[in-house]
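As they're listed, the protein sequences go chains A and B.
Reading the first sequence from the start, the letters are residues 150 to 564 in this note's numbering.
Reading the second sequence from the start, the letters are residues 150 to 564 in this note's numbering.
Glycine is no exception: its CB is placed at the ideal position from the N, C-alpha and C atoms.
There are 2 protein chains.
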Amino acid sequence: MSELLTKAKLAKQAASELVTKSTEQKNAALAAIGKQLVEEMDYLLAENKKDIEEAKAKGTSTSLIDRLTLNEVRIHDMADAMKQLVELSDPVGERLEAWERPNGLQIEKVRVPLGVVGMIYEARPNVTVDAATLCLKTGNAVILRGSSSAAHSNKALVRVIHHALEKTDIPVDAVQLIEDTSRETASQLFTLNDYLDVLIPRGGKQLIQTVVAQSSVPVLETGAGNCHVFIDQSADEQMATDIVVNAKVQRPSVCNSIETILVHEAWASRHLAKLAAALQEKGVELRGDEAARQLIPAVHAATEEDWETEYNDLILAIKIVATTEEAIAHINQYGTKHSEAIVTNNDESIAKFFTSVDAAALYHNASTRFTDGFEFGFGAEIGISTQKLHARGPMGLPALTSTKYIVHGTGQIRQ
Amino acid sequence: MSELLTKAKLAKQAASELVTKSTEQKNAALAAIGKQLVEEMDYLLAENKKDIEEAKAKGTSTSLIDRLTLNEVRIHDMADAMKQLVELSDPVGERLEAWERPNGLQIEKVRVPLGVVGMIYEARPNVTVDAATLCLKTGNAVILRGSSSAAHSNKALVRVIHHALEKTDIPVDAVQLIEDTSRETASQLFTLNDYLDVLIPRGGKQLIQTVVAQSSVPVLETGAGNCHVFIDQSADEQMATDIVVNAKVQRPSVCNSIETILVHEAWASRHLAKLAAALQEKGVELRGDEAARQLIPAVHAATEEDWETEYNDLILAIKIVATTEEAIAHINQYGTKHSEAIVTNNDESIAKFFTSVDAAALYHNASTRFTDGFEFGFGAEIGISTQKLHARGPMGLPALTSTKYIVHGTGQIRQ
């Protein structure tokens, strides 16, 4: 039997044991993992060093090597994260609804674990610990498939997790790492419907698109972010400038940063030159449509491609619009249904924007950078869903659960 | 441009208009559809007759022809169903959660339409009206792809729906019927990710499996039902008999009927012969494992295939078990995660069964036949989900919605 199938069977078996475990048993396991990570720090750093050296030998970029790197501080951070995860309330067992039918049947809808979660991800070894522990907290078994570039680190981290689980009531088999990092193994996960309840890809656009296109296992799509700020006619100049600068500059590489601003022509004629200067001062390259370049002539011309691009970089496209409707139409055509903001003092514009923009998170007078499980107050984040089924936007622990109807009868039969 | 792509674009455009429509506008459209169905009854019956004649010429079975048939009563039933749908509360716009963050951001989670729903289904023309109107009620556009055997009826029904919508504020393009019923068109729906937000197959196992395996559009799986009743040691004899007979006999062709009973050996030795006689009296063919055949020797031997089969017929497999755990293990191995029942007076058995059986609906001392949107009191049903993401069990109107986060700020930026 292949490594994948063997481990999938073990994970499924572990999942059936996990549903019987209490919140206390799961929390004890999380605490044990935090402790073990610190205790085996030297081993983790030594194994991580092997990945780093291989990456350096391959000429990997400094920023990717930084993402790959474990150090004392990062391992202590992981251990601290376990303490926070223990504190979060356990969604499993929560009674969402309860009612009685005229025939006396008592129906309850309760939260249950999903079962076995598959996770395909790139580079960062901290995702290994994150995914494993969020799944354990919600009573799920997990099959991890990380990238070859972090192979030593991931193997070491899962070994440490197993050492911790051995001391607890949680089955060691609940956390499985697929050590074969070939493309073929990844593809086999896509059709493992008998063993996997959901597949979560975390990584670049290419990875996510491949999983969505090829997986028959249901996917939780955590996606790309081509986000916008629309500056309406009545927008406060300083507020609009602060929000646009923040949403573009504060961390340009992440999905909730913006790529294009849509500016009402009346606001643009008064304030666009100053906004452009503020952005350029922060090192942002601007690309404008024709109307924008009338007002800020020095910037490059934006093309169709710019409207479609998630730069993930200090580049911003600018389009002048005549109405709120035009801004909404542009967002719905080019956006990725992630995070969209309007800056305005006009109630009618707000209402139109909130009703008609099709995205996971809509903001009035705030930066798109808040689309994040921690910023929303969830205390944890599995990812940000850009799909519409099951979970949309920042996903906290409940996104890793399903439900069951529990029906109590006294002998009822259907007429 | 192909018929499919043209209609998909129209549906998407209509969906963007639908989000701006009020509950009153949607309800007025539903009422108009009910009225129009009755007004154009002669036309509908004439078109339906064409399908029936073609089916007869092909030698289609009487039961399939019955499913295909429209008549005055059935059309009046459809019109009555519209009145009931108008009465149901509109989930769209419902505020599910609202909270404030320490930085003053006000976050709301509200229900919104999914967008464009794709529906692939077999034979019955009433699904055309059902799907279209449940989608309209929840603000969704719909692309319908019925079977060739109901082509005339479906075309006529959608024409009548369009005639009704022309008199209302709801765009006619919100309901699209794909008239090309070739397999190729169905397959094209599977990858229409740019236009479809969800695909719902309704029909046989083959259809559903094909959609699940091949669709990159997210699927709401409405599935097969290999359901069980477990009769525990302490089960009341009469209650167990009534529930098993009801769950098998009342309507054997549907997914929430049972296919296998698991009987505790202690109960079996006392009561199985009488239960078997009660079933046989109703015309049920029994197939037993070795232990069962010791007690009721005349029945056929059950094979591995029997445990896996959804008979949809008056056939029932019987397996004797020594413990609740053995019953649970059998259900989790062979069940389709649909509906599972335990008949018992033992609290420990109930707790084990509810915790460990992995299915959408679990029953204590009641028939599995209650897994149904109407029996649950939802007032409508899109289908019964056997998947774990998004919706599980009977799906009412909320299953046709997604959510949005609406965030109100006063200029907040991320630090």
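- Boundaries of the beta strand (DSSP E) around B/C376: C376 to I380.
- Taking C-beta separations shorter than 7 Å and ignoring five residues to either side along the sequence, the partners of B/Q233 in its chain run G528, following chain order.
- Between B/A447 and B/I467, the C-beta gap is not smaller than 8 Å, which leaves the two residues out of contact.
- Across the region 522 to 542 of chain B, CB contacts with chain A closer than 9 Å involve E524, F525, G526, Q536, K537, L538, H539, A540, R541 and G542, in sequence order along the chain.
- Between B/E152 and B/P320, the beta carbon gap of about 19 Å keeps them out of contact (Cβ cut-off 8 Å).
- By the neighbour-count criterion, in which a residue is buried when 16 or more other Cβ atoms sit within 10 angstroms of its Cβ, A/S551 is buried.
- Between B/D507 and A/G264, the CB-CB gap stays under 8 Å.
- Within 10 angstroms of the beta-carbon of B/Y460 lie 16 or more other beta-carbons, which makes it buried.
- A distance below 6 Å between beta-carbons, with the five flanking residues on each side excluded, links B/A384 to the following residues of its chain, in chain order: W416, V492 and T493.
- Considered as a whole, the region 221 to 273 of chain A harbours 221 to 236 as its complete alpha helix (DSSP H) runs of no fewer than 4 residues, in chain order.
- As a beta-bridge residue in DSSP terms, A/T371 pairs with A/S534.
- Per DSSP, reduced to three states, the secondary structure at B/P547 is helical.
- The beta carbons of A/S516 and A/I410 sit no closer together than 8 Å.
- The beta-carbon of A/L263 is placed less than 8 Å from the nearest beta-carbon of chain B.
- Assignment of beta-bridge partners to A/Q561 by DSSP yields B/A515.
- Counting C-beta pairs closer than 8 Å gives fewer than three between the region 328 to 345 of chain B and the region 312 to 319 of chain B, which falls short of the contact rule.
- Secondary structure note for B/Q325: its beta strand (DSSP E) is the uninterrupted segment V324 to L326.
- Listed in chain order, the non-local C-beta contacts of A/Q255 below 6 Å within the same chain comprise E249 and H557, local neighbours out to five positions each way being set aside.
- Listed along chain B are R563, each with a C-beta nearer than 7 Å to that of A/Q399.
- Residue range I407 to H413 is occupied by the beta strand (DSSP E) that includes A/H413.
- Counting along the chain, B/K468 sits inside the beta strand (DSSP E) bounded by residues I464 to V470.
- B/I491 sits in a strand when the DSSP states are folded into three classes.
- Between B/V168 and A/S534, the beta carbon gap of about 19 Å keeps them out of contact (Cβ cut-off 8 Å).
- The Cβ-Cβ distance between A/M190 and A/E236 does not fall below 8 Å.
- If one requires a minimum length of 4 residues, the alpha helix (DSSP H) runs lying completely within the region 331 to 364 of chain A are 332 to 339 and 354 to 363, in chain order.
- Counting the other CB atoms within 10 Å of its CB gives B/Q564 a total below 16, which places it among the exposed residues.
- Residue contact check for A/S297 against chain B: no CB pair falls below 8 Å.
- Cβ proximity to chain B below 7 Å picks out M388, D391, I392, N395 and Q399 from the region 382 to 415 of chain A.
- Against chain A, the CB of B/T169 has a partner CB under 8 Å away; the residue lies at that interface.
- Closer than 8 Å to the CB of B/A509 there is at least one CB belonging to chain A.
- The bridge partners DSSP lists for A/K553 are A/V259.
- For A/I555, the C-beta contacts it makes with chain B under 9 Å involve F503, A510, L511, Y512 and H513, in order along the chain.
- Between B/F379 and chain A, the shortest Cβ-Cβ separation is not below 8 Å.
- With a 10 Å radius around the Cβ and a threshold of 16 neighbouring Cβ atoms, A/Q443 comes out exposed.
- The beta-carbon of A/T559 is placed less than 8 Å from the nearest beta-carbon of chain B.
- For A/R436, the beta-bridge partners assigned by DSSP are A/H449 and A/A466.
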